[in-house]
Amino acid sequence: MAGDDAPNDQQLLTEIANGDMNAVTVFYQRHESRVYRYAMTKVSDSSVASDILNDVMMQVWRSAAKFEGRAKVTTWLLGIAHNKVVDHWRKLGKREYTELDENMEDDTTSGVNPAHATEAASDGKLLRTCLAKLKPEHREILHLVFFEELGYSEIANIIDVPEGTVKSRVFHARNLMKKQLANATRAA
Amino acid sequence: MNKELDDKLALMVNGQLDEQDTIELETQIESDSKLAAEADFLKALQSGIKNQSDTPPGATGLTRLMRDIESEQAQVKPQDNASARPAPITKQTIKVQAAANSSNFWKPISIAACCLLAMQSFFVMQDNNHNDPSSVVTLSGHQAAAGPQLQVVFSDTATAAQIRESLLGINANLVGGPGALGIYTVQLPPGSDLAQAQMDLINLPFIEEVEAVVEANSP
Chain A
9 MAGDDAPNDQ
19 QLLTEIANGD
29 MNAVTVFYQR
39 HESRVYRYAM
49 TKVSDSSVAS
59 DILNDVMMQV
69 WRSAAKFEGR
79 AKVTTWLLGI
89 AHNKVVDHWR
99 KLGKREYTEL
109 DENMEDDTTS
119 GVNPAHATEA
129 ASDGKLLRTC
139 LAKLKPEHRE
149 ILHLVFFEEL
159 GYSEIANIID
169 VPEGTVKSRV
179 FHARNLMKKQ
189 LANATRAA
Chain B
2 MNKELDDKLA
12 LMVNGQLDEQ
22 DTIELETQIE
32 SDSKLAAEAD
42 FLKALQSGIK
52 NQSDTPPGAT
62 GLTRLMRDIE
72 SEQAQVKPQD
82 NASARPAPIT
92 KQTIKVQAAA
102 NSSNFWKPIS
112 IAACCLLAMQ
122 SFFVMQDNNH
132 NDPSSVVTLS
142 GHQAAAGPQL
152 QVVFSDTATA
162 AQIRESLLGI
172 NANLVGGPGA
182 LGIYTVQLPP
192 GSDLAQAQMD
202 LINLPFIEEV
212 EAVVEANSP
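Chains as they are written, first to last, in our numbering: chain A, 9 to 196; chain B, 2 to 220.
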């Protein structure tokens, strides 16, 4: 790789497509945390998440030349990660998603004190416990909105569902999380 | 709180809401305590999620990736070489692959068996020729009308028993070969159906080629 400035993601992909192993290293170091953490939200198992990270980076190496720049590199990358998780579940004979009724009226926050939930959210350990109780697709959506800070259309592209489903899933996930946190505070 | 407002609130917290909508929403939050409490919750939730520590494999993962890439490259290269010289899958291809895969142990034995069979056939024919009117030689030196001939290439793995059986199947005799290219000449009885004999032989798994012998003075 030539030049003093760090290459952007698209330049790195071009270099990877040309067989530059240094570019593979830079790309891996730049994105491993992103891919690993995303995988963890879905599989909750560090060794499986490591396998998925490896599979995703192998896929990047194989298909870097096919990246057309129609989406951001991170969107493309997380889309690959999503597909690898689906592959993983398929191998285990699991469905891609558990049955979710995205249109159901959510009343889970009735009687929940938002202040309690807000306070509990600042407790890292409690937050982790409550996140672990959510379904993988709810953890995933909260991760993509609040950790990756993505818009709804980008998320829709990554997880391959309509934008309306993304909005609905965000709504349900945060309400479920609010209820979990408020209940956990009350129990403590 | 309506659904649209709810959708915008999450986007305002993660910085994806456009400037105009953000200003409008902030104004609403100032005058709506419920909305303000929801915004506070989402900000706390985001902060908590961002602070979750999931440590990726780091150098170990990178080493594994490099090893896997090298391994895949090593597998891809021989295939590339093969695809550089594309060839249709023919009996010849299978023969080459089979020869490469198996030891050469059977090759000399097969050749010896074929030679033995050829010699045996020759002596048997000599013996039969005493009473066979077709072997009568005319005064001009030309042989009386004989049956059609075929040139046959057997696979390296063909056994003497297989060769014998194939020739008996079409009532033919081995009259020549193997030549430098491993071609045998097979004599059919007069009036034989040459095309049928060719079909019968080519369908056998240990025969690679069958061709009718075209005589130089034939029309």
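A virtual CB, placed ideally from N, CA and C, is assigned to each residue, including glycine.
A quick note: this is a predicted structure, and the numbers were derived from the prediction, not measured.
Around the CB of T28 of chain B, fewer than 16 other CB atoms lie within 10 Å, so the residue is classed as exposed. With respect to L151 of chain B, V77 of chain B sits apart: the two C-beta atoms are not nearer than 9 Å. Annotation for F42 of chain B: the continuous alpha helix (DSSP H) segment containing it runs 34 to 52. Going by DSSP, V176 of chain B is part of the beta strand (DSSP E) stretching over 174 to 177. Checking the DSSP bridge columns, you'll see Y185 of chain B partnered with B:V153. Residues of the segment 169 to 188 of chain A with a C-beta atom less than 8 Å from some C-beta of chain B are K175, V178, F179, R182, M185, K186, listed in chain order.
Rounded to whole angstroms, the gap between the alpha carbons of D69 of chain B and F179 of chain A is 41 Å. At least 9 Å separates the CB of V211 of chain B from every CB of chain A. With a cutoff of 9 Å on beta-carbon distance, A181 of chain A and A128 of chain A are scored as not near each other. Under the three-state reduction of DSSP output, I88 of chain A falls in the helix class. Non-local C-beta neighbours of S54 of chain A in its own chain, meaning closer than 8 Å and more than five positions away in sequence, comprise M48, ordered along the chain.
Per DSSP, the continuous beta strand (DSSP E) segment holding V211 of chain B begins and ends at 208 to 213. Using a Cβ-Cβ distance cut-off of 8 Å, the segment 82 to 93 of chain A and the segment 156 to 175 of chain A are in contact, since at least three pairs of beta carbons, one from each stretch, lie closer than that value. Against chain A, the beta carbon of G16 of chain B has neighbours under 9 Å at E157, listed in chain order. Judged by DSSP in its simplified three-state form, E156 of chain A adopts coil rather than helix or strand. For K51 of chain B, the neighbours in chain A by C-beta distance under 8 Å run, in chain order, F154, F155. Between N15 of chain B and L100 of chain A, the C-beta gap is not smaller than 9 Å, which leaves the two residues out of contact. Nearest in C-alpha terms to P179 of chain B, of all of B:V153, B:R165, B:Q197, is B:V153. Taking one beta carbon from each stretch, the segment 58 to 75 of chain A and the segment 133 to 150 of chain A have fewer than 3 pairs nearer than 8 Å; the two do not touch. At least one C-beta of chain A is nearer than 9 Å to the C-beta of K4 of chain B.
Taken through DSSP and simplified to helix, strand or coil, I171 of chain B comes out as coil. Against E39 of chain B, the close residues of chain A are P122, in the order they occur along the chain (beta-carbon pairs closer than 7 Å). The Cβ of D28 of chain A sits no closer than 9 Å to any Cβ of chain B.
Using a 10 angstroms sphere on the CB of I171 of chain B, the tally of other CB atoms reaches 16 or more, which defines it as buried.
Excluding sequence positions up to five before and after E171 of chain A, its CB lies within less than 7 Å of the CB of Y160, S161, A164, all in the same chain and listed in chain order. Put simply, the CB of I208 of chain B is far from chain A, with every gap to its CB atoms at 9 Å or more. Looking at the backbone, the Cα of T137 of chain A and that of D19 of chain B are separated by about 33 Å. With contacts defined by Cβ atoms closer than 9 Å, L21 of chain A and A79 of chain A do not form a contacting pair. Per DSSP, G132 of chain A is one residue of the alpha helix (DSSP H) stretching across 132 to 141. Bounds of the alpha helix (DSSP H) holding Q197 of chain B are 195 to 203. By the C-beta density criterion, S167 of chain B is buried, having at least 16 other C-beta atoms within 10 angstroms. For A159 of chain B, no alpha helix (DSSP H) segment is defined, and its DSSP state is neither H nor E. Residue range 29 to 51 is occupied by the alpha helix (DSSP H) that includes S41 of chain A. C116 of chain B counts as exposed, since fewer than 16 other beta carbons sit within 10 angstroms of its beta carbon. Note on geometry: alpha-carbon atoms of S52 of chain A and D157 of chain B lie some 58 Å from one another.
The three-state reading of DSSP puts T193 of chain A in helix, counting H, G and I together.
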